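J.: Below you will find the structure I want to go over with you.
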Amino acid sequence: PLVMAKNSAEQNALLQQVVEENNPIDVCDIYVFSGIVAYIYSRYELAAALVQKRYELEKNMSRTRLKWGVTAFYDGLIFLAMAHNSSEFEWSSKISNVMSNVKKFEQIGKSNNEHKLLLLEAEIKSRMGEKDNALKKYQLAIAAAEKNGFIHEQAVANERAADFFLRNNDKDKASQYYGEAYSLYLKWG
Numbered sequence: 001p002l003v004m005a006k007n008s009a010e011q012n013a014l015l016q017q018v019v020e021e022n023n024p025i026d027v028c029d030i031y032v033f034s035g036i037v038a039y040i041y042s043r044y045e046l047a048a049a050l051v052q053k054r055y056e057l058e059k060n061m062s063r064t065r066l067k068w069g070v071t072a073f074y075d076g077l078i079f080l081a082m083a084h085n086s087s088e089f090e091w092s093s094k095i096s097n098v099m100s101n102v103k104k105f106e107q108i109g110k111s112n113n114e115h116k117l118l119l120l121e122a123e124i125k126s127r128m129g130e131k132d133n134a135l136k137k138y139q140l141a142i143a144a145a146e147k148n149g150f151i152h153e154q155a156v157a158n159e160r161a162a163d164f165f166l167r168n169n170d171k172d173k174a175s176q177y178y179g180e181a182y183s184l185y186l187k188w189g
């Protein structure tokens, strides 16, 4: 799907092994993590295709691997990115389902999921044109991710906030948030 390892031969060998073993859990994990990488690199169509493939596999599984809210969070970000770039109703209904899952995870583990819920809410508010509410949610998401030590998701929240400012013609603010996102991605490694 997307090169995740420094050595693409290593990744290809891993993919081949998983396919040969026909282990749906491992295949789903590859779809989850490849989807996250695709999302971070703004390859939204690829990310959405990987989510769809995972959903197809999960239909035949007795239970799915939810990864404590991470899967729902990135599914939501992917669906919101697709909704920003499309007028299809399909994405809106998927976002609604994801939001209810993220809210459940936030109730179970607030420190792990508060920033996830806030960022998804910010993206929804942005999509609805509620600029002031969106900005507050972005700021809260960034602060919650920082407070709870989620550097990579703090970076994602900064990048999404930067995109928000860019969409709203504030290039100076966008530049600040992109710079912070870049710094956090470097810190994350």
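One point on numbering: in UniProt numbering, the residue at position 128 of the sequence shown is 128, and numbering is uninterrupted.
Where a beta carbon is used, it is the ideal one built from N, C-alpha and C, also for glycine.
Since the model is a prediction, treat every value here as computed from it, not as a measurement.
1. Going by the beta-carbon positions, is the gap between E146 and Q139 smaller than 7 Å?
2. Mind checking D172: buried by the 16 CB within 10 Å criterion, or exposed?
3. With DSSP as the reference, label F33 as helix, strand or coil.
4. Mind checking which residues open and close the alpha helix (DSSP H) that includes Y41?
5. Ignoring anything shorter than 4 residues, give me the alpha helix (DSSP H) runs that lie fully in the segment 93–149, in order along the chain.
6. So what's D75 in DSSP terms, helix, strand or just coil?
7. Of the residues K110, G109 and L117, which one's Cα is nearest the Cα of V98?
8. Quick one: using the 10 Å Cβ neighbour count with 16 as the cut-off for buried, is F89 buried or exposed?
9. State the CB to CB distance for the pair P24 and L50, rounded to an integer number of angstroms; the pair is presumed to be in contact (CB under 8 Å).
10. Within its chain, find whatever has a CB closer than 6 Å to the CB of Y81; leave out the 5 residues flanking it on each side and keep chain order.
11. According to the Cβ coordinates, are N113 and G69 closer than 7 Å?
12. So, under 8 Å CB-CB, K137 and E159 are touching, yes? Tell me the CB distance rounded to an integer number of Å.
13. If I measure Cβ to Cβ from K53 and keep anything under 7 Å in the same chain, skipping five residues before and after, which residues do I get?
14. If I follow the unbroken alpha helix (DSSP H) through K67, where does it start and stop?
T.: With the structure as the only source:
1. Taking 7 Å as the Cβ cut-off, E146 and Q139 do not qualify as a contacting pair.
2. exposed
3. helix
4. Neither: Y41 is in no alpha helix (DSSP H) and is coded neither H nor E.
5. 110–127 and 131–147
6. The answer is helix: DSSP assigns D75 an H, G or I state.
7. L117
8. exposed
9. Wrong, their Cβ atoms sit about 14 Å apart, outside the cutoff.
10. A small fix is needed here, since residue 81 is Ala in this sequence, not Tyr. Same-chain partners within the cutoff: Y44.
11. Taking 7 Å as the Cβ cut-off, N113 and G69 qualify as a contacting pair.
12. Incorrect: roughly 15 Å between the Cβ atoms, too far for contact.
13. Y31
14. Premise fails: K67 is in no alpha helix (DSSP H) and is neither H nor E.
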